[in-house]
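S.K.: Position 135 of the sequence shown, counted from 1, bears residue number 135 in full-length UniProt numbering, the numbering being contiguous throughout.
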Amino acid sequence: MITNLAAGVQAFTSNVFLVSGDRPVLVDTGANFDVVDAVRDRVDDIDAVILTHTHRDHVGNLEAAKDAFDVDAWGYDPSIDGVDHAITDEETVQLGDDDYVALHTPGHKDDHLCFHSSDASVLFAGDLVFQNGSFGRTDLEEGDRATLIESIDRVLERIDPGLEAMHTGHGPSVTTDPYEHVELSAQMARQA
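1) Considering only residues of the same chain and omitting the five flanking positions on each side of residue 1, which have a CB-CB separation below 6 Å?
2) Straight-line CA distance for residue 147 to residue 16?
3) Would residue 85 be called buried (16 or more neighbouring beta carbons within 10 Å of its own) or exposed?
4) Is the number of C-beta pairs between the segment 89 to 105 and the segment 62 to 72 that are closer than 8 Å three or more?
5) How about residue 168 and residue 135: do their beta carbons lie closer than 8 Å?
6) In the DSSP output, which residue or residues are listed as bridge partners for residue 15?
7) For residue 147, name the three-state secondary structure that DSSP assigns.
8) Pull up the distance between the alpha-carbon of residue 162 and that of residue 124, whole angstroms please.
9) So, under 8 Å CB-CB, residue 3 and residue 56 are touching, yes? Tell me the CB distance rounded to an integer number of Å.
10) Assuming residue 133 and residue 185 form a contact by the criterion Cβ under 8 Å, report the distance between their Cβ atoms to the nearest whole angstrom.
11) What are the start and end residues of the alpha helix (DSSP H) that includes residue 115?
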């Protein structure tokens, strides 16, 4: 089961996904709200924190979550404060009950990862793409539009039109034709 713990939070934060099952994990920790209580309201413990990237709105609660649950954080670049272990491109990572392939998808930030499970038919897109053709900002440090487009194209090659759910770093999850939303993001990024 995948639950957005930041749903309804009014503060500036990313979405925070609790993936429950055999290996309960948090995908991103958000910022500016009590993520520890939000986790404890649903499960007793988590095994790890998995990061899509390390922008402040995604990792503001990282230390609190790591301390409260005595877990490590996994991300693309362990040289960044708070990231304990590297997830390499194409590495398989268990989230909940399913295996996901990590895809290095820079363009919004150099350490950005997406996670795709063909078995679960789920994509964690971070801030690469959002609903209705939106896509990650490229005007911040490490942002690059051409690289972002390459990353979106790479994700499109991995997912299939039958993808059932896309969980994004901001805004609602997409459960109706998410593949089409990614396709639209690829088009919009080229036009902007």
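Glycine included, every Cβ here is placed at the ideal spot set by N, Cα and C.
M.R.: Checking against the coordinates, here is how it stands:
1) 20
2) 25 Å
3) exposed
4) no
5) No; because the gap between Cβ atoms is not below 8 Å, this pair is not in contact.
6) Paired residue(s): none; residue 15 is not in a bridge.
7) Here residue 147 sits in helix by DSSP.
8) 15 Å
9) Not a contact, Cβ separation roughly 23 Å.
10) 5 Å
11) Here residue 115 belongs to no alpha helix (DSSP H); instead the beta strand (DSSP E) covers 113 to 117.
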